[in-house]
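Here is the structure we will look at.
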C-alpha cells in the first residue's frame, strides 16, 4: 500500500507538565499485516491520565514510551485487512494502537467491539478501561455496603462517574469532587451524586475538609483515590474506621515526587502513595482486639510449638510494680531484651 | 479486707516521651468482688508499646486513661476470691487488671490460664496479645508465600520474634531490624532470622536501605510494620509489586504527628500512617491491566445498564489526531468535560 498513515510521537520527555514541544506529528508508511495480524483504521482514540506516566523514564508499572516512539494508547476502529480467521474487514476492534490513524496487531491482542450493542466510543470509556477501573476498584477493593458514604474526585471523568453510579446503585451516599461549577452540576444531575464539591472553590485542604464534613456528615467509608494532593489531605482525617482506599491514580501528583528510592531518601506523602499505587501494595492497619475470634486458632497452632521449643521466646522481667514506670520508659527507647514483663508478687 | 493493694496511676499527660513525673505509685483498698466477679492477685504484668498511646487524649483506637486513673494493661495472676462458678481460688487468670497488684473483674472478661501447659508469663507475650498480634497480622494480612522475603523491626520483641518465626516456618527469607548488636545476635541465633540489621549503625534511611538491599537481594514482599520512621523510609522503595504491609504500630512515631485533622491540615507521612493504623484502613494500589479476568463480569453487569440509560456517560470528543497533544495537555489540567476521546477519522 502506498497510502500514508499518521502518528503522534514522543519528541522529548517533559519536565513537569508536558508542552507541545514534547510531541511530534509524523507521517509513516501503513504497515502490511503479517501472519495472524490484523490491520485497523482507527476511528476513535482514547486519552487517559496514565499516559502522562509513560512519558517519563522513571520506574513505574509499565515501560516508558521511548523518545521517538509512538505515544501509547487504546483506540477503536474498523478492520481493513486481516490475516486471522478471528477478524474480517468491516469488523470493529479495540486495541493498543497508540496515537495513530492505523494500527497493526496480532488478532489475540484485539477485542472485538459490537457496534450494534452500544456506540463504539463506549469501548474507550464507560465500557472500556476507565469504566472497568472504576467498577473493579469499587466492587473488589472498596467493597461497598448500603448506607455507607463514598468520596471520589474527578467525579465527571470516566472513572469517577462509574464509581459514583455503581456506588449509588449499591445504596451508598455519594460525594463527588470536581473542578468547576459546571462539572459539579453534571455530577449531581447526570451521574446522581448526592453532593459535589468544586475543589477550586477551596484554597486549601482544611477548607475543603470542612465542606466535605458537611457533605459527608457520617464520615467517609470509601475514598476512591485517583487524584492525591489536596483532596487526599482533606479526606484522610474524615475516614471512618475500617474504611477502604482503592488507589488507581494520583493525577495531581503526576508531575511531583518519585518513589523515594534515589539518592534523596526522603519519604514524602506523594512518594509513599506512589509506591503503594505502582507496586499494587496493600497497606492495612489492624487493631488486634477486633480479631479475638481467631485467638483459639492461634493458640492451637502456636502453643504446641512453644512447648516443643520450635517457637522460641525471650522475656525481660523487671521486679516490683513500683518499677513499672522505669521499665516502661526504658522499653519505649528499646532498652528491653525480649518481651517486657513486670513481676508484681 | 483491710489489706492494701498498690497501683500505678497516670499523674499527668506526657509531652513527647513520658517521664517519671507522669506516673504515681499509690496505695488503695483491695476491692470486694461483686456478683459474678473474680478477685485476682497479680503475679506478672505486661508492658506494651500501645500503652504510650493511652497516655494521650488525642483520638486513637481506644479511650485514653483518665488523669488519676490506673494505667491500663494486661496481667496474669491467681484467683483469691470468686463469686463466679467459672473460677475458683487457686486458678490462674489473664485480665486487663491494669498496673496494679490486685484486680477485680467480671468472670466473662477473664481468660483462664493453664500453668501446666506453659509458664504463666507466656500468656502476656508469646502466647498472649503480642504473639497473637504477630501471628494474626502475618498470616491474615501478610499472606506469606514460600520463597518470599519478609522484613520486621523490633525483631527480638514479642511481636517481631513471632512474625519472624512464623514466616520462617512458612518458608520465607526473614530479615530483622533491631537496636544493637546483642539484639541482632539474638534475632539470628534464637529466632532464626536469616539476617538482622542494627538500625543504630545507620545514620539515615538511605544507608539503612543500602544494607537492607544486600540482606534482601530479591526485594521485600512483606513489611510487617510496627515502628515507622527510618525503617519505613528505608523499606518502602524496596517493596516488590503486590507486596503487603500489615500495620500494627509505629513506635518510633508515638511521640510525633497527629491525625492531621486539627487546625493544621498538613498531611505528613506519620499522619497518613497513623490514620491507616488507628482506623484500620486498607489502602490498596491496583493496576487494572492485571485484572482483566473480571472484564467479562463487568461487561455483563454494566453494558445492559449503559444501553438502558441506568448508567450515564458523557464524552468529550476532540477532532483530528493532530489535535491529540493539545487535548491531552488540557485534560491533565481538568479541561475535559467527561471522557476525553479523539476522533481520528
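Chains as they are written, first to last, in my numbering: chain A, 487 to 831; chain B, 487 to 831. Backbone N, C-alpha and C define an ideal beta-carbon position, used for all residues, glycine too.
DSSP-derived helix/strand/coil call for residue i
i, result
"residue 498 of chain B", "coil"
"residue 530 of chain B", "strand"
"residue 590 of chain A", "strand"
"residue 596 of chain A", "coil"
"residue 817 of chain B", "helix"
"residue 487 of chain B", "With a pLDDT of only 44 at residue 487 of chain B, under the threshold of 50, the placement of this residue in the model should not be trusted; the figure read from the coordinates follows. Residue 487 of chain B falls in the coil class under three-state DSSP."
"residue 807 of chain B", "helix"
"residue 504 of chain B", "coil"
"residue 799 of chain A", "coil"
"residue 642 of chain B", "coil"
"residue 634 of chain B", "coil"
"residue 829 of chain A", "strand"
"residue 566 of chain A", "strand"
"residue 561 of chain A", "strand"
"residue 539 of chain A", "helix"
"residue 518 of chain A", "coil"
"residue 653 of chain A", "helix"
"residue 524 of chain A", "strand"
"residue 666 of chain B", "coil"
"residue 581 of chain B", "strand"
"residue 812 of chain A", "helix"
"residue 789 of chain B", "helix"
"residue 661 of chain B", "strand"
"residue 771 of chain A", "strand"
"residue 823 of chain A", "coil"
"residue 509 of chain A", "strand"
Classification of residue i by the beta-carbon crowding that lies within 10 angstroms, buried from 16 upward
i, result
"residue 543 of chain B", "exposed"
"residue 609 of chain A", "buried"
"residue 503 of chain B", "exposed"
"residue 552 of chain A", "exposed"
"residue 819 of chain B", "exposed"
"residue 598 of chain B", "exposed"
"residue 740 of chain A", "buried"
"residue 822 of chain A", "buried"
"residue 555 of chain B", "exposed"
"residue 645 of chain B", "buried"
"residue 669 of chain A", "buried"
"residue 472 of chain B", "In this structure chain B extends from 487 to 831, so residue 472 of chain B is not present and cannot be described."
"residue 703 of chain A", "exposed"
"residue 826 of chain A", "buried"
"residue 495 of chain B", "buried"
"residue 535 of chain B", "buried"
"residue 696 of chain B", "exposed"
"residue 686 of chain A", "exposed"
"residue 749 of chain B", "A caution first: residue 749 of chain B carries a pLDDT of 49, below 50, which makes its placement in the model unreliable, though a value can still be read off. Exposed is the call here."
"residue 831 of chain B", "exposed"
Best match in the options for proximity to residue i [C-alpha to C-alpha]
i, options, result
"residue 564 of chain A", "A:538, A:528, A:581", "A:528"
"residue 470 of chain A", "B:732, B:707, B:606, B:633", "Because chain A here runs from 487 to 831, residue 470 of chain A falls outside it and cannot be looked at."
"residue 570 of chain A", "A:779, A:645, A:522", "A:522"
"residue 512 of chain B", "B:493, B:518, B:501", "B:493"
"residue 489 of chain B", "B:506, B:584, B:518", "B:518"
"residue 790 of chain A", "B:550, B:574, B:613, B:594", "B:613"
"residue 755 of chain B", "B:628, B:716, B:663, B:589", "B:716"
"residue 621 of chain A", "B:831, B:721, B:787, B:830", "B:787"
"residue 541 of chain B", "A:831, A:824, A:830, A:815", "A:815"
"residue 700 of chain A", "A:501, A:771, A:680, A:729", "A:680"
"residue 602 of chain B", "B:498, B:578, B:583", "B:578"
"residue 586 of chain B", "B:773, B:572, B:539, B:560", "B:560"
Beta-carbon spacing of residue i, residue j below 9 Å
i, j, result
"residue 726 of chain A", "residue 705 of chain A", "yes"
"residue 429 of chain B", "residue 651 of chain B", "This structure cannot settle anything about residue 429 of chain B, because the visible part of chain B is limited to 487 through 831."
"residue 658 of chain A", "residue 707 of chain A", "yes"
"residue 636 of chain B", "residue 653 of chain B", "yes"
"residue 655 of chain A", "residue 801 of chain B", "no"
"residue 752 of chain B", "residue 719 of chain A", "yes"
"residue 856 of chain A", "residue 627 of chain A", "With chain A represented from 487 up to 831, any question about residue 856 of chain A goes unanswered, as that position is not in the structure."
"residue 576 of chain A", "residue 589 of chain A", "no"
"residue 732 of chain B", "residue 623 of chain B", "yes"
"residue 730 of chain B", "residue 768 of chain A", "yes"
"residue 737 of chain B", "residue 641 of chain B", "no"
Beta carbon proximity, residue i to chain C, threshold 9 Å
i, result
"residue 566 of chain A", "Of the chains in the structure shown, none is chain C; the protein chains are A and B."
Discussion item. Quick check on the DSSP output: what are the complete beta strand (DSSP E) runs of length 3 or more inside the segment 679 to 762 of chain A, in order along the chain?
Written reply: 681 to 684, 706 to 710, 725 to 733
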